[in-house]
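Colleague:
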Amino acid sequence: MSIHTSDTGTAPVPSARDTSAAPVSAAGWIRRPDELAALVERLQAGSEVALDTESNSLHHFPERVCLIQLADPAGGVFLVDPLALADLSPFAPCLADPEVVKVFHGATYDLSSLKRDFGFRFARIFDTMVAAQFLGIAELGLSALLQRYFGISPTRSRQKDDWTARPLTPEQEAYAAEDVRHLLALRRQLLGELVARGREAWVEEECEALAELPAAERVFDPDDAFRVKGAGALDRR
Numbered sequence: 001m002s003i004h005t006s007d008t009g010t011a012p013v014p015s016a017r018d019t020s021a022a023p024v025s026a027a028g029w030i031r032r033p034d035e036l037a038a039l040v041e042r043l044q045a046g047s048e049v050a051l052d053t054e055s056n057s058l059h060h061f062p063e064r065v066c067l068i069q070l071a072d073p074a075g076g077v078f079l080v081d082p083l084a085l086a087d088l089s090p091f092a093p094c095l096a097d098p099e100v101v102k103v104f105h106g107a108t109y110d111l112s113s114l115k116r117d118f119g120f121r122f123a124r125i126f127d128t129m130v131a132a133q134f135l136g137i138a139e140l141g142l143s144a145l146l147q148r149y150f151g152i153s154p155t156r157s158r159q160k161d162d163w164t165a166r167p168l169t170p171e172q173e174a175y176a177a178e179d180v181r182h183l184l185a186l187r188r189q190l191l192g193e194l195v196a197r198g199r200e201a202w203v204e205e206e207c208e209a210l211a212e213l214p215a216a217e218r219v220f221d222p223d224d225a226f227r228v229k230g231a232g233a234l235d236r237r
């Protein structure tokens with residue numbers, strides 16, 4: 001089987017244990033159950049995975065997770081499309097597996113949203129923002145950290161885009177992929193500094209607490225609908 005790298009091409013899914021596999025530059029789309037099953041098998045064979053999400057809170061009410069981005073140690077970057085997949089439950093064992101480290105940057109929103117929309121449980125979280133805080137780093141944004149450690153220039157933010165729209169533009173795909181592409185390398189860099197300063201246990205304790213955060217609640221507030229882009233032109237009646 002294959003995983004789509006764009007609407008016009010596909011790329012095979014190499015085993016996570018195949019260290020000779022060259023890192024892919026394009027992100028593989030996960031839109032079918034068989035693609036999801038292959039991805040989960042690959043991720044569970046590894047020891048860590050980077051995650052991020054994109055939602056549509058500025059454009060739709062109620063909000064939902066519209067995209068899940070993942071990256072693995074072999075260099076694979078994947079875009080899971082919850083709008084195309086009716087069932088994401090095959091992901092659950094991997095996310096709850098304490099043998100697989102789940103790496104986020106600023107995990108709070110992602111974790112609560114993933115729990116709310118899909119009922120996921122998490123074990124073994126590593127939040128690069130938390131790690132940077134315990135190292136006393138002043139600029140905690142992902143772009144700032146990537147610039148600091150790897151000299152990677154920040155890309156234009158697309159957090160205000162409507163991530164419900166399909167197909168995504170090439171620029172959106174690139175932005176989504178870059179959010180996770182370097183997270184595992186960043187974790188290793190930060191972890192080395194934490195160990196050197198004897199602060200690794202502090203971060204582990206904080207991340208254990210993050211993993212237990214409750215799901216975001218869907219509480220109806222009539223005013224929430226008017227926070228959606230363009231809602232100001234509507235009559236509140």
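Each step along the sequence shown adds one to the number in our numbering, with nothing skipped, and position 15 is 15.
Note that the Cβ used here is the ideal one computed from N, Cα and C, for glycine as well.
Note that this is a predicted model, so its numbers are computed, not measured.
Three or more beta-carbon pairs under 8 Å between the segment 146-165 and the segment 207-216, yes or no?
Modeller: No: fewer than three Cβ pairs fall under 8 Å.
Colleague: Could you check whether the segment 99-113 touches the segment 73-84, counting it as contact only if at least three pairs of C-beta atoms, one from each stretch, sit closer than 8 Å?
Modeller: Segments in contact, no.
Colleague: Can you tell me which of Leu191, Asp179, Glu206 and Ala196 puts its alpha carbon nearest to the alpha carbon of Ala71?
Modeller: Ranking Leu191, Asp179, Glu206 and Ala196 by CA distance to the CA of Ala71 puts Asp179 first.
Colleague: In three-state DSSP terms, what is Gln133?
Modeller: In this structure, Gln133 counts as helix in the three-state DSSP scheme.
Colleague: Out of curiosity, what's the CA-to-CA distance linking Trp29 and Asp81?
Modeller: 7 Å
Colleague: Does DSSP put Ala84 in a helix, a strand or coil?
Modeller: coil
Colleague: Identify whether Thr53 lies in helix, strand or coil by the three-state DSSP scheme.
Modeller: In the structure shown, Thr53 falls within a strand segment according to DSSP collapsed to helix, strand and coil.
Colleague: May I have a chain-ordered list of the alpha helix (DSSP H) segments no shorter than 4 residues that lie completely inside the segment 98-129?
Modeller: Listed in chain order, they are 107-118.
Colleague: What is the DSSP secondary structure of Ala96, reduced to helix, strand or coil?
Modeller: coil
Colleague: Output the distance between the C-alpha atoms of Glu217 and Ser55, rounded to the nearest integer angstrom.
Modeller: 15 Å
Colleague: Please state whether DSSP places Ala71 in a helix, a strand or coil.
Modeller: Secondary structure at Ala71: strand, using DSSP grouped into helix, strand and coil.
Colleague: Could you spell out where the beta strand (DSSP E) holding Gly28 opens and where it closes?
Modeller: Gly28 to Ile30
Colleague: Between the C-alpha atoms of Ala138 and Val130, what's the straight-line distance to the nearest angstrom?
Modeller: 12 Å
Colleague: CB-CB under 6 Å to Glu200, same chain, minus the five flanking residues each way: which ones, in chain order?
Modeller: Leu194
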